[in-house]
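Beneath this line is the structure, given in structure tokens, with notes to follow.
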Ligand SMILES: NC(=O)c1ccc[n+]([C@@H]2O[C@H](COP(=O)([O-])OP(=O)(O)OC[C@H]3O[C@@H](n4cnc5c(N)ncnc54)[C@H](OP(=O)(O)O)[C@@H]3O)[C@@H](O)[C@H]2O)c1
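Residue numbers (my numbering): 251 to 490.
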């Protein structure tokens with residue numbers, strides 16, 4: 251399986267969980283080579299590799315598909331986890347400049363699509379490939395780090411449905427949609443805002459990265475007749 255953005259908080263948890271379950275993990279990184287190498291050493295089992303997976307560079311992704319086919323022979327699961335954002339208050343329209351909007355949409359939506367496009371043949375080859383898109387509760391609630399981030403995740407959810415239809419039956423496509431997750435990024439946000447989010451969550455806490463990883467694992471191992479669906483991991487946050 252290939253995890254893009256494996257060097258972030260969530261990518262690490264997903265890689266660890268899937269390796270524990272017996273998967274051979276391709277640790278995808280963009281700029282954090284050293285982090286990727288350290289993570290790769292910590293993974294349970296054998297045969298894990300580190301590969302530069304720059305989701306903005308479609309040519310490099312196609313080249314990587316050739317490399318994976320040659321070196322590993324197969325790719326069963328793609329986890330589109332790479333993502334980017336920056337906090338801009340929703341009412342601050344000038345703060346959300348064109349460069350940031352393009353960076354967010356290009357990484358979060360186009361990058362995920364580009365990965366599916368590049369790895370489609372490999373994923374379909376065994377007849378039961380799986381794409382997991384790491385989306386966000388922001389897609390549904392439109393609360394999130396900025397307006398473009400929320401919209402990029404809504405677009406990812408919509409793409410999940412289109413591609414599930416288009417790529418069936420050889421490839422299932424599922425989105426996992428976390429609420430706020432207890433990662434470094436979230437720990438850096440205004441603590442009073444974070445506390446308020448916890449208060450407004452029926453289960454009264456943030457998700458842990460490993461709970462998001464559990465949903466990915468379930469999609470791969472248990473939910474074998476599911477495709478085109480969005481699995482929430484949000485403690486019931488949209489209910490309040
Ligand atoms: N944290 C949350 O509360 C939360 C909640 C809901 C959804 N999510 C989603 O979960 C995913 C992971 O979040 P996180 O909190 O783990 O983020 P993070 O710690 O900021 O990690 C982001 C990852 O994305 C990679 N990345 C960024 N730009 C890239 C590019 N152009 N090409 C390839 N990789 C790129 C980074 O790779 P390098 O370090 O190698 O550059 C890094 O591994 C994201 O899609 C995010 O939107 C997060």
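From the three backbone atoms N, C-alpha and C, an ideal C-beta is built for every residue, glycine too.
Assign residue i to buried or exposed, taking buried as 16 or more other Cβ atoms, counted over all protein chains shown, within 10 Å of its Cβ.
i           : result
residue 321 : exposed
residue 490 : exposed
residue 445 : exposed
residue 301 : buried
residue 262 : buried
residue 297 : exposed
residue 474 : exposed
residue 443 : exposed
residue 410 : buried
residue 416 : exposed
residue 257 : buried
residue 403 : buried
residue 395 : buried
residue 453 : exposed
Could you pull the DSSP bridge partners for residue i from this structure?
i           : result
residue 302 : 279
residue 253 : 277 and 329
residue 479 : 424
Please say whether residue j and residue i have beta carbons closer to each other than 8 angstroms?
i           : j           : result
residue 477 : residue 431 : no
residue 484 : residue 387 : yes
residue 200 : residue 316 : Absent from the model: residue 200. The displayed extent of the chain is 251 to 490, so no value can be given.
residue 439 : residue 337 : yes
residue 384 : residue 464 : no
residue 391 : residue 260 : no
residue 425 : residue 354 : no
Is residue i near ligand 3, with its Cβ less than 7 angstroms from a heavy atom?
i           : result
residue 386 : Ligands present in the displayed structure are limited to ligand 1, and ligand 3 is not among them.
Which full runs of the beta strand (DSSP E) of 3+ residues lie inside the stretch 368-456, going along the chain?
Segments of the beta strand (DSSP E) lying fully in the stretch 368-456: 379-384 and 421-428.
In chain order, what are the residue ranges of uninterrupted alpha helix (DSSP H) at least 4 long that sit wholly in the stretch 330-357?
348-355
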